[in-house]
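So the number in this note's numbering is just where the residue sits in the sequence shown, counting from 1, plus 23. I have placed the structure first, in the form of structure tokens, so that the comments after it can refer back to it.
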Amino acid sequence: MIRYLLRRIVLLGGTVLISSLIIFLICRLLPGDVARVLLGREAGEAALAALRAELGLDRPLPLQYIDWLRGLLTGDWGIAYSTRQPIRPLVMERLSNSLLLAGTTLALALPLGIGLGVWAGWRAGKPDDTVISVSTLAVTGLPEFVTGLLLIDLFAFRLRWLPANSSIRPDTSFFEVLPQLVLPAITATLVLLAYIARLTRTGVIAEREQEYVRTAMLKGLSPATILRRHVLRNALLPAITVIAISLGWLISGLIVVENVYNYPGIGRLLTFAIDRRDLLLLQAVAMITVVIFAVANLLADLMYALLDPRIRLGDERSS
24 MIRYLLRRIV LLGGTVLISS LIIFLICRLL PGDVARVLLG REAGEAALAA LRAELGLDRP
84 LPLQYIDWLR GLLTGDWGIA YSTRQPIRPL VMERLSNSLL LAGTTLALAL PLGIGLGVWA
144 GWRAGKPDDT VISVSTLAVT GLPEFVTGLL LIDLFAFRLR WLPANSSIRP DTSFFEVLPQ
204 LVLPAITATL VLLAYIARLT RTGVIAEREQ EYVRTAMLKG LSPATILRRH VLRNALLPAI
264 TVIAISLGWL ISGLIVVENV YNYPGIGRLL TFAIDRRDLL LLQAVAMITV VIFAVANLLA
324 DLMYALLDPR IRLGDERSS
């Protein structure tokens, strides 16, 4: 298991390194001039050249990349062009907000999605299976901004139970933050629900057809015991990948949800960096996203290996 883990960590490091180079090059190839964006259209060439020199944009690209990568590794992420604030604390603050939203969403989506998927799979072909499959798919088919606006209209404006704005501040207590998390978390949960439920349902149906399940039934084991001890362990393997990928998506991909609710997460910071052509801030946010996706997939690989030892044994034999 240790050898398997080390191989995965090496692959993760290589993936992050290659991704950093791709992110740097893409940001440098974006159309527009950072200096022009910061100083305005009326700025003269002398002022533009001076600002480019101050920001280090006139240096060769390899040197810019090496300095940026060194700064990332040492914790010196630079100063945001647009706000003149240190990038690292700004990104960490927004990341903590996104982690809070992601954790709340997963706390809702995982038990609900897995529970519905297990029930539908175990009752495949029955009316309740049809109702679960159709309803979850219909809800997920709605775009996030539509679902968000509907929830805001119902719970914020009509019933007045929850706030429509989730612009939390660093000094806000947990009990003040909690009501502001409910609507964004429900919106994100509805996006994930069908994927988790359908994958779990498919896994349960596939495992029900296995010989060991039939043998357990012939031995007189109860359906609940068979499901808990035998079926779930293998049926949840496909859902693990979705859960891992969903973690990265929840951290960085909920741009629409964060903008609908004015939630100060990493997604809104990414939008701000793109709009202001803030290359250093954009690169930092993109790298955080890459690292989160990489770590999430590493965790998924480890969970796969723990649930199914054949995976790590096959990996070790191939090496």
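Every residue gets a Cβ at the ideal spot worked out from N, C-alpha and C, and that includes glycine.
Between the CA atoms of residue j and residue i - distance to the nearest angstrom
i	j	result
M115	G288	10 Å
V313	S121	15 Å
I278	R291	6 Å
L174	Y286	15 Å
R75	D90	16 Å
N282	A161	23 Å
L118	R51	24 Å
L133	Y218	11 Å
R251	P150	23 Å
D56	L92	22 Å
L95	V154	49 Å
D298	F316	24 Å
L336	R31	Unreliable positioning characterises L336 in this predicted model, as indicated by a pLDDT of 48, which lies under 50. The coordinate reading is nonetheless provided below. Distance between the alpha carbons of L336 and R31 is about 14 Å.
L216	T127	14 Å
H253	T163	30 Å
T223	A58	51 Å
V157	R146	14 Å
L172	R237	48 Å
S190	Q203	8 Å
S105	I49	19 Å
T294	L78	21 Å
L322	A267	7 Å
N188	I274	19 Å
Residue i (DSSP reduced to helix, strand or coil)
i	result
I191	coil
L336	With a pLDDT of only 48 at L336, under 50, the local geometry of the prediction cannot be trusted, and the value read off the model is given with reservation. Reduced to three states, the DSSP call for L336 is helix.
Residue interval of the alpha helix (DSSP H) (run including residue i)
i	result
E281	I278 to V283
G148	Neither: G148 is in no alpha helix (DSSP H) and is coded neither H nor E.
P85	L84 to T97
S43	I25 to L52
T238	E234 to L241
R107	R107 -> no alpha helix (DSSP H), and no H or E assigned at all.
L80	Segment: none, L80 is in no alpha helix (DSSP H) and carries neither H nor E.
A296	I289 to D298
R256	L255 to A258
Closer than 8 Å to chain B by CB, residue i
i	result
L123	Judged by its chain identifiers, the structure shown contains no chain B, having just a single protein chain.
Unbroken stretches of the alpha helix (DSSP H), 4 residues or longer, contained in the stretch 156-207: 167-174
The stretch 133-145 / the stretch 236-245 touching (three or more Cβ pairs under 8 Å): no
contact_flag[the stretch 98-109, the stretch 299-311] where n(CB pairs < 8 Å) is 3 or more: yes
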